[in-house]
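Engineer:
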Amino acid sequence: MQRQFDDLQLGSIELFCLAAEAGSFTSAALVAGVTPAAVSRSVSRMEERLGVRLFARTTRSVKLTDSGRRYYEECRQALAQLVEAQREVMGQQQVPSGTLRISIPTTYAHHRILPLLPAFRARFPAVKVESHISNRNIDFVGEGYDMAIRVRAIPDSGLIARPLEDAELVMVASPDYLQRAGTPQTLDDLQHHECIQYELPSSGRRIAWLFNDKSVEREILAEGNFSCSDDVLGGVTLAKHGAGLFQTYRFIVEKELADGSLLEVLKPYGGRSRPFTLLYPQSRHVPLRLRAFIDFLLEHLPR
1 MQRQFDDLQL
11 GSIELFCLAA
21 EAGSFTSAAL
31 VAGVTPAAVS
41 RSVSRMEERL
51 GVRLFARTTR
61 SVKLTDSGRR
71 YYEECRQALA
81 QLVEAQREVM
91 GQQQVPSGTL
101 RISIPTTYAH
111 HRILPLLPAF
121 RARFPAVKVE
131 SHISNRNIDF
141 VGEGYDMAIR
151 VRAIPDSGLI
161 ARPLEDAELV
171 MVASPDYLQR
181 AGTPQTLDDL
191 QHHECIQYEL
201 PSSGRRIAWL
211 FNDKSVEREI
221 LAEGNFSCSD
231 DVLGGVTLAK
241 HGAGLFQTYR
251 FIVEKELADG
261 SLLEVLKPYG
271 GRSRPFTLLY
281 PQSRHVPLRL
291 RAFIDFLLEH
301 LPR
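Under the UniProt record's numbering, read the sequence shown as residues 1 to 303, first letter to last.
1. For the alpha helix (DSSP H) containing Ile294, name the first residue and the last one.
2. So what's Leu210 in DSSP terms, helix, strand or just coil?
3. Short of 6 Å in beta carbon distance, which residues of its chain neighbour Asp146, apart from the five on each side in sequence? Order them along the chain.
4. What are the complete alpha helix (DSSP H) segments, minimum 4 residues, inside the UniProt domain "HTH lysR-type" (8–65)?
5. Using CA coordinates, which residue listed in Leu164, Arg274, Glu299, Ala173 is at the minimum distance from Ser261?
6. Identify whether Met1 lies in helix, strand or coil by the three-state DSSP scheme.
7. DSSP three-state call for Val232: helix, strand or coil?
8. From Arg272, Leu288, Ser44, pick the residue whose C-alpha is nearest to that of Gly68; which is it?
9. Buried or exposed: Arg136, going by 16 or more other Cβ atoms within 10 Å of its Cβ?
10. Say whether the region 104–111 touches the region 73–82, bearing in mind that this needs 3 or more beta-carbon pairs closer than 8 Å, one atom from each stretch.
11. Quick check: the Cα distance between Lys214 and Glu256, rounded to an integer number of angstroms?
12. Out of curiosity, what's the CA-to-CA distance linking Val34 and Arg70?
13. Assign Ser227 to one of three DSSP states: helix, strand, or coil.
14. Taking the continuous alpha helix (DSSP H) assigned at Val253, which residues delimit it?
15. Suppose only complete runs of 4+ residues qualify. What are the alpha helix (DSSP H) ranges in the region 98–155, listed by chain order?
16. Buried or exposed, going by whether 16 or more other CB atoms sit within 10 Å of the CB of Ala185?
17. Kindly indicate which residue of Leu210, Met171, Pro175, Leu187 has the alpha-carbon position closest to the one of Asp259.
18. Using CA coordinates, which residue listed in Glu84, Gly23, Ser27 is at the minimum distance from residue 308?
19. Going by C-alpha distance, which of Gly158, Leu159, Glu165, Trp209 is nearest Val151?
20. From Thr237 to Ala119, what distance separates their C-alpha atoms?
21. What are the start and end residues of the alpha helix (DSSP H) that includes Pro163?
22. Comparing alpha-carbon positions, which option in Pro275, Pro281, Pro287, Met171 lies nearest Leu301?
23. Can you tell me whether Thr186 is helix, strand or coil according to DSSP?
24. Within 10 angstroms of the Cβ of Ala167, are there 16 or more other Cβ atoms? Answer buried if so, exposed if not.
25. Per DSSP, Arg274 forms a beta bridge with which residues?
26. Starting from Val265 and walking both ways along the beta strand (DSSP E), at which residues does that stretch end?
27. I believe Leu187 touches Tyr269 by the beta-carbon criterion, under 8 Å. Please report the beta-carbon distance rounded to the nearest angstrom.
28. Could you round the C-beta distance between Leu278 and Ile294 to whole angstroms and report it? I think they count as a contact, below 8 Å.
29. What's the C-alpha gap between Gly144 and Arg162?
30. Can you look up Arg70 in the DSSP assignment and give me helix, strand or coil?
31. Using three-state DSSP, classify Pro281 as helix, strand or coil.
32. If you drop the 5 nearest sequence neighbours on each side, which residues of the same chain put their C-beta closer than 7 Å to that of Met1?
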C-alpha cells in the first residue's frame with residue numbers, strides 16, 4: 001500500500017471536519033487549540049489539492065458547498081472508524097461507548113424499540129442513543145446513521161440486513177362499526193364495507209391487505225373513504241372510532257383486542273405477516289456500540 005496522506009494532510013482533514021460541524025473557522029480553532037488563520041490556511045490547502053471549493057465563505061460565517069458536504073460525511077465516517085480502531089487496539093473500547101444513531105418506523109419504535117432503550121442504557125451506560133422516528137428511508141452516509149429498521153429490506157450492496165421479526169397481521173374493527181355495518185364473513189364481503197387505506201408516503205401507493213384463503217396467499221386492494229399515510233397508527237385510531245375495517249400488526253393492537261375496544265374479524269383468513277429488518281452499512285469495522293445494540297435487540301425481540 002502506498003502512502004496517500006502525510007501528517008499535515010490528516011490534520012487538515014480533522015480541522016476541516018471541526019469547521020464543518022461548527023460552521024465557523026474561529027470555533028474550530030478554539031476546539032483544536034490553534035488560530036483561526038491556521039484553520040483557514042489548512043482548508044485552503046485541501047481545496048487546492050482537491051480542486052474544489054469546500055466552503056462558501058462570508059464575513060460572518062462559512063457554509064459547506066455540495067462537494068464539501070459530501071466530502072465531510074465521508075471524512076467524518078473515516079475519522080470515527082479510526083478512533084474506534086485506536087480505542088480497541090489500546091484496550092479502551094472494552095465497554096461500548098459513544099453515540100448510536102438509529103432510524104425506526106413509527107409503529108416499531110413505539111411498540112418495540114423505545115420501551116427497550118432504558119434497559120439497554122442500564123446495561124451500557126456509556127452509550128448515548130439518538131432515535132429518528134419516521135417511515136422515511138434515510139441516507140446512512142449523508143445523514144450519519146449507524147443503523148435503521150425497515151419493514152422491507154431495500155436491496156443495497158452497501159448494507160447488511162439482519163431479520164428481526166415476522167410481525168403477524170390482523171384485521172380489526174370497533175364493536176360500534178360492526179354493529180352498524182355487520183361483521184364480514186368472507187373476503188368477498190369486504191366490497192360492502194368501509195376499508196381504511198394506508199398509503200406509502202414516498203409513492204402514494206396503497207398497501208394491499210394480505211390474507212390466507214384456503215392455503216392460497218391473496219392480496220386485496222379494498223376500497224374505502226378513509227385513508228392515512230406515513231403513520232400506521234392513524235389507521236388504528238380511525239378503526240377504534242368506528243371508521244371501518246383496518247389491517248395492522250397484531251403487536252400494535254394487543255391492548256385494544258384485550259380490552260374489547262377493537263375486535264378481530266376474518267380470523268379464518270389470517271396468519272399473514274410482514275418482516276421487520278435491521279440494516280446497517282457494510283464495513284470491516286463495526287463499532288462495538290452497534291454490535292452490542294444488535295445483540296441486545298436479538299435477545300429481547302420476538303422471533
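Cβ atoms here follow ideal geometry from the backbone N, Cα and C, with glycine treated the same way.
Small disclaimer: the values here were computed from a predicted structure and weren't measured.
Structural biologist: Working from what's here:
1. From DSSP, the alpha helix (DSSP H) with Ile294 extends over 288–300.
2. Reduced to three states, the DSSP call for Leu210 is strand.
3. Closer than 6 Å at the Cβ level, and outside the excluded window around Asp146, lie Leu100, Arg101, Leu290.
4. Within the UniProt domain "HTH lysR-type" (8–65), the complete alpha helix (DSSP H) runs of at least 4 residues are 25–32, 36–50.
5. Of the candidates Leu164, Arg274, Glu299, Ala173, the one whose C-alpha sits nearest the C-alpha of Ser261 is Ala173.
6. For Met1, the predicted structure reports a pLDDT of 44, less than 50, and the residue's modelled location is therefore unreliable. The matter cannot be settled from this model.
7. Residue state, collapsed to three classes: coil.
8. Taking only the C-alpha atoms, the option nearest Gly68 is Ser44.
9. With fewer than 16 other Cβ atoms inside 10 Å of its own Cβ, Arg136 counts as exposed.
10. Short answer: they don't touch.
11. Roughly 28 Å between the two C-alpha positions.
12. Looking at the two C-alpha atoms, the distance is approximately 25 Å.
13. Strand.
14. Looking at the DSSP string, the run of the alpha helix (DSSP H) that includes Val253 is 250–259.
15. With a minimum length of 4 residues, the continuous alpha helix (DSSP H) runs that stay inside the region 98–155 are 117–123, 140–143.
16. Correcting the residue identity first, residue 185 is Gln in this sequence and not Ala. A residue is called buried once 16 or more other Cβ atoms fall within 10 Å of its Cβ, and Gln185, having fewer, is exposed.
17. Checked all of Leu210, Met171, Pro175, Leu187; the closest Cα to Asp259 is Pro175.
18. Nothing in the structure corresponds to residue 308, since the chain is present only between 1 and 303.
19. When only C-alpha atoms are compared, the closest one is Glu165.
20. Their backbone Cα atoms lie some 29 Å apart in a straight line.
21. Membership of Pro163 in any alpha helix (DSSP H) is not indicated; the residue belongs instead to the beta strand (DSSP E) covering 159–173.
22. If we check each option's Cα against that of Leu301, Pro275 comes out closest.
23. The answer is coil: DSSP assigns Thr186 none of H, G, I, E or B.
24. So Ala167 ends up on the buried side.
25. Answer is Ala167, bridged to Arg274.
26. Per DSSP, Val265 belongs to the beta strand (DSSP E) from 263–265.
27. A Cβ-Cβ distance of about 6 Å is found for the pair Leu187 and Tyr269, placing them in contact under the 8 Å criterion.
28. Rounded, the Cβ-Cβ distance is 7 Å, consistent with contact.
29. Roughly 20 Å between the two C-alpha positions.
30. Of the three classes helix, strand and coil, the one that applies to Arg70 here is helix, per DSSP.
31. The answer is strand: DSSP assigns Pro281 an E or B state.
32. Low per-residue confidence applies at Met1: pLDDT is 44, beneath 50, and the placement is therefore not dependable enough to give any value.
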